[in-house]
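In UniProt numbering, the protein residues as written are 1 to 246.
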């Protein structure tokens with residue numbers, strides 16, 4: 001378990017449950033992988049996994065359009081935890097074909113073109129990353145946006161026919177930052193500049209006061225279309241408290 005002396009009792013209980021859940025996931029799925037965006041929630045999970053030696057592999061999708069600050073987190077993880085996060089890149093031919101047919105930044109023109117870009121740069125690399133595994137872990141939270149309000153802690157990823165876990169589903173933004181501060185976890189400097197949710201550089205802006213945490217993602221679209229295709233084909237699975245701490 002983590003050292004919980006310096007955190008509030010409510011958060012300490014969440015951390016204990018998180019640690020137990022991660023241990024349970026690793027025990028149930030020897031090949032499980034964690035998909036990290038290198039943003040706040042995912043750095044929390046990175047710390048929870050690597051600082052305790054939990055047997056969960058960590059990878060990221062290097063889309064080719066990430067902020068320099070985001071890529072810099074790879075070095076910070078290496079320095080802090082002695083771990084090289086595995087990177088999965090888009091297929092160069094697919095990127096070139098899209099740019100030649102539509103233009104490099106055609107994603108601004110329509111939802112279909114935006115989703116096609118996400119398919120090339122994120123979904124296809126994710127499928128390669130998860131090929132042959134039985135489960136994956138994400139840092140999604142219900143509070144992040146309307147598209148995640150019904151998020152479950154354990155789901156079945158129907159698109160890939162594998163288990164999917166969202167250990168932070170019921171965590172608040174305040175919980176996340178209290179954890180990061182308590183354990184001095186490295187964080188992306190873009191967060192301090194008004195970016196609570198960080199994706200590709202041309203598709204992410206700082207949010208305005210009162211906006212939800214994902215308002216800066218694909219800001220030119222309506223709220224109910226703001227997913228890239230990584231998280232849309234899941235079936236919820238009820239998880240009992242006993243199974244989470246098994």
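All C-beta atoms, glycine included, are put in the ideal place defined by N, C-alpha and C.
Bear in mind that the values here come from a model prediction, so they are computed numbers and not experimental data.
- Looking at the DSSP output, residue 217 bridges to 204.
- The three-state secondary structure of residue 137, taken from DSSP, is strand.
- For residue 127 and residue 111, the gap between their C-alpha atoms comes out near 21 Å.
- The beta carbon of residue 170 sits closer than 7 Å to those of 142, all from its chain and outside the five residues before and after it, given in chain order.
- Residue burial annotation: residue 87 is exposed, with fewer than 16 other C-beta atoms found within 10 angstroms of its C-beta.
- When DSSP states are grouped into helix, strand and coil, residue 157 belongs to the strand group.
- Counting every other CB atom within 10 Å of its CB across the protein chains shown gives residue 89 a total below 16, marking it as exposed.
- The shortest CA-to-CA distance from residue 16 to any of 189, 221, 210, 168 is the one to 168.
- Burial is judged here by how many other beta carbons sit within 10 angstroms of a residue's own beta carbon; residue 119 has at least 16 and is buried.
- Of 73, 23, 20, 66, the smallest CA-CA separation from residue 40 is found for 73.
- Separation of the CB atoms of residue 163 and residue 135 is rounded to 4 Å, and the pair is thereby assigned contact status at 8 Å.
- Inclusion of residue 67 and residue 154 in the CB contact set at 8 Å is not warranted, their separation being larger than that value.
- Within the same chain, 107 come within 6 Å of residue 114 by CB-CB distance, once the 5 residues on both sides are set aside.
- The shortest CA-to-CA distance from residue 186 to any of 54, 75, 31 is the one to 75.
- In the displayed model, residue 58 falls within a strand according to three-state DSSP.
- Distance from the CA of residue 95 to the CA of residue 121, rounded to the nearest whole angstrom, comes to 8 Å.
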